[in-house]
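Colleague: A single structure is presented below for examination.
Protein chains: 2
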Amino acid sequence: MFIAVDIGGTQLRAALYPEHGIEPIDKQIIVTHAGDEKPEDRLIDLIGSVWPKHGGVQRIGVAVAGPVNPKTGVVYNAPNISGWIDLPLGGLIEKHHKTTAILGNDANLAALGEWKYGAGVGHHDLIYLTISTGIGGGIIIDDRLLVGPQGIAAEVGHITVLPDGPMCGCGHRGHLEAVSSGTAIANYVETQLSQGRASILSLNSQKPTGRLIAEAAAKGDLLALEAFEYAGAFLGRAIADLLHIFNPTVIVLGGGVTNAKDILMNPVRRAIDESVMTPEYKENLEICFAKLGDQAGLVGALALARS
Amino acid sequence: MFIAVDIGGTQLRAALYPEHGIEPIDKQIIVTHAGDEKPEDRLIDLIGSVWPKHGGVQRIGVAVAGPVNPKTGVVYNAPNISGWIDLPLGGLIEKHHKTTAILGNDANLAALGEWKYGAGVGHHDLIYLTISTGIGGGIIIDDRLLVGPQGIAAEVGHITVLPDGPMCGCGHRGHLEAVSSGTAIANYVETQLSQGRASILSLNSQKPTGRLIAEAAAKGDLLALEAFEYAGAFLGRAIADLLHIFNPTVIVLGGGVTNAKDILMNPVRRAIDESVMTPEYKENLEICFAKLGDQAGLVGALALARS
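The listed protein sequences derive, respectively, from chains A and B. Letter 255 of the first sequence, counting from 1, is numbered 255 in our numbering, and no numbers are missing. Letter 38 of the second sequence, counting from 1, is numbered 38 in our numbering, and no numbers are missing.
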């Protein structure tokens with residue numbers, strides 16, 4: 001049996017899995033922060049709560065919303081979890097539960113999950129992008145997850161796509177995340193509205209979110225469509241960059257912004273077509289949506305535990 | 001013994017190497033095109049000319065100036081070699097010389113050569129960039145060369161760094177090669193001169209080349225310095241992108257443009273410092289110049305043959 005854990009800023013999830021398949025035997029979800037308790041103590045208890053009565057856990061896979069060192073089991077920092085800076089989380093879990101714990105970044109592990117059990121099954125070279133409030137990703141090359149010697153590779157949301165462009169959450173300008181994330185799309189619309197642009201969206205009632213903007217775009221609202229065109233064009237160009245760098249056979253797109261479907265994907269596909277150097281990069285390429293939804297982190301941690 | 005071959009648009013080189021080391025036992029160089037002879041026939045003869053009298057060649061490594069499929073031994077196209085489109089070069093060599101021939105793209109193999117025998121010795125994760133008339137590169141991840149399932153990965157010169165920027169040799173706008181190559185630097189200076197910019201360089205006598213512009217920059221010419229600043233800033237940002245994607249421990253820079261040394265490297269380093277997301281990406285990073293010079297292709301082909 002295997003235990004998989006998914007650690008987010010809001011929720012901690014743990015599940016017990018059998019030898020094969022992705023149907024959990026048991027699954028528990030709790031909030032990450034409660035009272036004075038340390039999140040790492042809550043996590044260790046949570047793992048205990050799904051532990052099988054007669055033991056037999058071979059390995060624990062752990063997905064963390066932040067950069068981790070997979071060799072040492074140290075979480076460098078988890079911006080949304082209080083006190084997690086250079087935390088030897090793997091060691092803490094192993095010490096308490098006397099079982100090997102392997103850590104990975106949640107977006108990287110989502111890529112691993114999609115490759116092993118989701119939209120990327122059968123492929124050997126996969127790029128996964130999650131487009132949500134931020135943009136994260138994971139990369140499989142020749143059946144191996146790219147993590148880099150320090151574990152901080154595959155930060156595809158932080159490639160510069162527009163020099164001196166909008167400020168990114170990381171404090172640098174013009175990164176992909178700063179022009180193509182849900183946050184970036186909302187910022188684009190807000191800026192235009194504040195300059196008096198006409199739209200069925202407004203700043204008065206509900207603040208425009210990615211979902212509301214996608215709905216407005218579906219109704220033909222020109223500003224909303226333009227916001228997705230803008231985000232999609234940069235996303236498509238960044239995907240073309242990744243095709244030139246990795247020559248993968250599948251691009252898997254996840255995250256809330258992809259719920260906009262063709263409103264996002266039409267400009268993405270156009271930008272890929274315009275940017276790709278030679279047809280070979282597209283000929284054997286599949287572009288599809290993620291299948292695992294919000295289970296991606298947990299299933300990815302399971303894939304890691306089984307690897 | 002091993003034979004290494006380096007195929008360029010101007011020269012064909014072949015060398016015979018012993019079991020170890022990079023000192024050739026024999027080496028022959030001929031022009032690629034001569035009369036009506038097919039370059040592939042000239043190449044097969046050239047390999048014969050370095051063949052040891054008593055045989056004993058274990059493998060032939062072949063570096064090609066163009067994209068190749070390393071699995072099938074087919075050259076997709078070699079823009080500077082007449083008639084080489086979908087040429088089964090590996091098969092032709094093997095048929096004639098009854099010895100396994102392995103093909104690779106010359107920039108990819110230069111990366112392999114620098115990693116195994118040059119500036120990258122001891123590193124497991126390396127990025128090599130050659131900045132010359134164009135920009136090529138190669139990537140080593142966890143001691144493996146990244147080639148992609150079709151062999152066309154690691155085209156780092158063709159990531160979009162300036163949307164709608166200058167036209168690239170590949171026919172697309174704003175690629176790294178279009179703003180940071182020697183050709184791009186010369187184009188930048190030419191455009192400015194034709195608009196009447198003052199400079200010790202001029203359009204009247206010798207057309208400004210990368211070397212002349214570097215010399216002018218060394219003398220303090222403001223336009224020449226600006227051209228390197230511009231190219232270096234984009235190159236540095238692209239290197240930061242690659243740090244975020246691969247988290248390598250060494251960046252090796254080769255090609256004629258790097259002869260400008262600090263004139264190029266100062267803006268490169270500044271751009272990396274400004275663009276890198278967190279210090280971890282720089283902490284264990286070495287940035288250095290290539291060591292193998294114009295032997296990189298041959299030594300890379302040797303490394304491939306021995307791998």
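Heads up, the beta-carbon is just placed ideally off N, CA and C, and yes, glycines get one too.
1) At a Cβ threshold of 7 angstroms, is glutamate 229 of chain B touching chain A?
2) To be precise: take each residue of the stretch 273-286 of chain B, compare its Cβ to all Cβ atoms of chain A, and keep it if any distance is under 9 angstroms. Which residues remain?
3) Mind listing the chain B neighbours of valine 250 of chain A? Cutoff is C-beta to C-beta under 8 angstroms, in chain order.
4) For a contact defined as C-beta to C-beta under 7 angstroms, what are the partners of glycine 134 of chain B on chain A?
5) Please name the residue in A:Ala65, A:Met265, A:Val156 whose C-alpha comes closest to that of histidine 175 of chain A.
6) Taking the DSSP output, what are the residues bridged to leucine 16 of chain B?
7) In terms of residues, what are the limits of the beta strand (DSSP E) holding aspartate 143 of chain B?
8) Among B:His96, B:Asp86, B:Val62, which has the Cα closest to the Cα of alanine 107 of chain B?
9) Pop quiz: valine 161 of chain B and glycine 104 of chain B are said to be a contact at Cβ under 8 angstroms. What is the actual Cβ separation, rounded to whole angstroms?
10) DSSP puts arginine 173 of chain A in a beta bridge; with which residues?
11) Once the 5 residues before and after alanine 217 of chain B are set aside, which same chain residues still bring their CB inside 6 angstroms of it?
12) Between isoleucine 30 of chain B and tyrosine 17 of chain B, how many whole angstroms is the CB-CB distance? I'm expecting something under 8 angstroms.
13) Exposed or buried, what is proline 279 of chain B when buried is set at 16 or more other beta-carbons lying within 10 Å of its beta-carbon?
14) What residue range does the beta strand (DSSP E) around arginine 59 of chain B cover?
15) Rounded to the nearest angstrom, what separates arginine 269 of chain A and tyrosine 76 of chain B at their Cα positions?
16) Using a cut-off of 7 angstroms between C-beta atoms, extract the partners of cysteine 170 of chain B located in chain A.
17) Residues of chain B with CB under 8 angstroms from proline 166 of chain A, in chain order?
18) Check whether the stretch 121-135 of chain B touches the stretch 253-260 of chain B, taking contact to mean three or more Cβ pairs, one atom from each stretch, closer than 8 angstroms.
19) Whole angstroms are fine: how far does the CA of isoleucine 213 of chain A sit from the CA of isoleucine 7 of chain A?
20) Given 8 angstroms as the limit, is there contact between the stretch 231-239 of chain B and the stretch 189-201 of chain B, that is, 3 or more CB pairs closer than that?
21) Which value, in whole angstroms, describes the spacing of the CA atoms of cysteine 288 of chain A and threonine 249 of chain A?
22) On the criterion of 16 or more Cβ atoms from any shown chain inside 10 Å, does valine 121 of chain A qualify as buried, or is it exposed?
23) Anyone know if the C-beta pair for glutamate 114 of chain A and alanine 290 of chain A falls short of 7 angstroms?
24) Determine the direct distance from the alpha carbon of glycine 148 of chain A to that of glycine 210 of chain A, and round the result to whole angstroms.
25) Give the C-beta separation of leucine 292 of chain A and isoleucine 127 of chain A to the nearest angstrom, bearing in mind that I take them to be a contact with Cβ-Cβ under 8 angstroms.
26) In terms of DSSP beta bridges, what is glycine 138 of chain B paired with?
27) Listing by chain order, which chain A residues have their CB less than 8 angstroms from the CB of valine 121 of chain B?
28) Relative to chain A, which residues along the stretch 208-237 of chain B have a C-beta separation below 7 angstroms, given in chain order?
29) If you measure between the beta carbons of threonine 99 of chain A and isoleucine 60 of chain A, is that distance less than 7 angstroms?
30) Interface residues of chain B around leucine 162 of chain A at Cβ under 7 angstroms?
31) Indicate whether at least one CB of chain A lies closer than 7 angstroms to the CB of glycine 148 of chain B.
32) Excluding the 5 residues preceding and the 5 following isoleucine 159 of chain A in the sequence, name in chain order all residues of the same chain whose CB lies nearer than 8 angstroms to its CB.
33) For phenylalanine 246 of chain B, which residues in chain A fall below 8 angstroms Cβ to Cβ?
34) Taking only beta carbons into account, state which residues of the stretch 45-76 of chain A come closer than 8 angstroms to chain B, listed in chain order.
35) Where are the alpha helix (DSSP H) runs, 4 residues long or more, that stay fully inside the stretch 49-107 of chain A, in chain order?
36) Should aspartate 125 of chain A be flagged as near chain B, meaning a C-beta pair shorter than 7 angstroms?
Modeller: Put simply:
1) Looking up residue 229 of chain B in the second sequence gives position 229. Not closer than 7 angstroms to any Cβ of chain A, the Cβ of glutamate 229 of chain B fails to qualify, so no.
2) Within the stretch 273-286 of chain B, the residues whose Cβ lies closer than 9 angstroms to any Cβ of chain A are, in chain order, Glu274, Ser275, Val276, Met277, Thr278, Glu280, Tyr281, Glu283, Asn284.
3) Here residue 250 of chain A refers to the residue found at position 250 when the first sequence is read from its first residue. In chain order: nothing, as chain B lies at least about 10 angstroms away.
4) Here residue 134 of chain B refers to the residue found at position 134 when the second sequence is read from its first residue. What glycine 134 of chain B touches in chain A: nothing, since even the nearest Cβ is about 12 angstroms away.
5) Reading the first sequence from its first residue, position 175 is the one you call residue 175 of chain A. Closest option to histidine 175 of chain A, Cα to Cα, is A:Val156.
6) As a working mapping, residue 16 of chain B is identified with position 16 in the second sequence. Looking at the DSSP assignment, leucine 16 of chain B forms a beta bridge with B:Ile3, B:Asp26.
7) Within the second sequence, residue 143 of chain B is the residue found at index 143, counting from 1. No beta strand (DSSP E) contains aspartate 143 of chain B, which DSSP labels as neither H nor E.
8) On the second sequence, position 107 is the one that residue 107 of chain B refers to. For alanine 107 of chain B, the nearest C-alpha among the options comes from B:Val62.
9) On the second sequence, residue 161 of chain B is found 161 positions in, with the first residue counted as 1. On the second sequence, residue 104 of chain B is found 104 positions in, with the first residue counted as 1. At roughly 26 angstroms, the Cβ-Cβ gap does not stay under 8 angstroms, so valine 161 of chain B and glycine 104 of chain B are not in contact.
10) Locating residue 173 of chain A in the first sequence gives position 173, where the first residue counts as 1. Answer is A:Met167.
11) For this step, residue 217 of chain B is matched to residue 217 along the second sequence. Answer for alanine 217 of chain B: Ala224, Leu225, Phe228, Ile263, listed in chain order.
12) If you number the second sequence from 1, residue 30 of chain B lands on position 30. If you number the second sequence from 1, residue 17 of chain B lands on position 17. Rounded, the Cβ-Cβ distance is 19 angstroms, inconsistent with contact.
13) Within the second sequence, numbered from 1, the residue matching residue 279 of chain B stands at position 279. Exposed, by the Cβ-count rule.
14) Taking the first residue of the second sequence as position 1, residue 59 of chain B is located at position 59. From DSSP, the beta strand (DSSP E) with arginine 59 of chain B extends over 59-64.
15) Counted from its first residue, the first sequence places residue 269 of chain A at position 269. Counted from its first residue, the second sequence places residue 76 of chain B at position 76. Cα-Cα distance, rounded: 25 angstroms.
16) Sequence index remark: in the second sequence, residue 170 of chain B carries index 170 (1-based). Residues of chain A passing the Cβ test: Met277.
17) Locating residue 166 of chain A in the first sequence gives position 166, counting from the first residue. Result: empty, since nearest Cβ-Cβ is about 13 angstroms, beyond 8 angstroms.
18) Result yes; three or more Cβ-Cβ pairs closer than 8 angstroms.
19) One-based indexing of the first sequence puts residue 7 of chain A at position 7. One-based indexing of the first sequence puts residue 213 of chain A at position 213. For isoleucine 7 of chain A and isoleucine 213 of chain A, the distance between alpha carbons rounds to 29 angstroms.
20) no
21) Within the first sequence, residue 288 of chain A is the residue found at index 288, counting from 1. Within the first sequence, residue 249 of chain A is the residue found at index 249, counting from 1. Approximately 11 angstroms between the Cα atoms of the pair.
22) If you number the first sequence from 1, residue 121 of chain A lands on position 121. Result: exposed.
23) Position 114 of the first sequence holds residue 114 of chain A. Position 290 of the first sequence holds residue 290 of chain A. If you check the CB distance, glutamate 114 of chain A and alanine 290 of chain A come in under 7 angstroms.
24) Position 210 of the first sequence holds residue 210 of chain A. Position 148 of the first sequence holds residue 148 of chain A. Rounded to the nearest angstrom, the two C-alpha atoms are 32 angstroms apart.
25) Against the first sequence, residue 292 of chain A aligns to sequence position 292. Against the first sequence, residue 127 of chain A aligns to sequence position 127. Not a contact, Cβ separation roughly 16 angstroms.
26) Position 138 of the second sequence, counting from 1, holds the residue named residue 138 of chain B. Bridge partners of glycine 138 of chain B: B:Tyr128.
27) Working through the second sequence from its first residue, we reach residue 121 of chain B at position 121. Simply none; closest approach about 16 angstroms.
28) Arg237
29) For the purposes of this step, residue 99 of chain A is taken as residue 99 along the first sequence, with counting starting at 1. For the purposes of this step, residue 60 of chain A is taken as residue 60 along the first sequence, with counting starting at 1. Cβ atoms of threonine 99 of chain A and isoleucine 60 of chain A: closer than 7 angstroms.
30) Along the first sequence, one-based indexing puts residue 162 of chain A at 162. When 7 angstroms is used as the limit between beta carbons, leucine 162 of chain A is near these residues of chain B: Pro163, in chain order.
31) On the second sequence, residue 148 of chain B is found 148 positions in, with the first residue counted as 1. By this cut-off, glycine 148 of chain B is an interface position.
32) Looking up residue 159 of chain A in the first sequence gives position 159. Counting only Cβ-Cβ distances below 8 angstroms, and skipping sequence neighbours, we find His175, Leu176, Ala238, Asp241.
33) Counting from 1 along the second sequence, the entry for residue 246 of chain B is found at position 246. Residues of chain A passing the Cβ test: Leu146, Gly148, Ala153.
34) Cβ proximity to chain B below 8 angstroms picks out Pro67, Tyr76 from the stretch 45-76 of chain A.
35) 89-97
36) One-based indexing of the first sequence puts residue 125 of chain A at position 125. Closer than 7 angstroms: yes.
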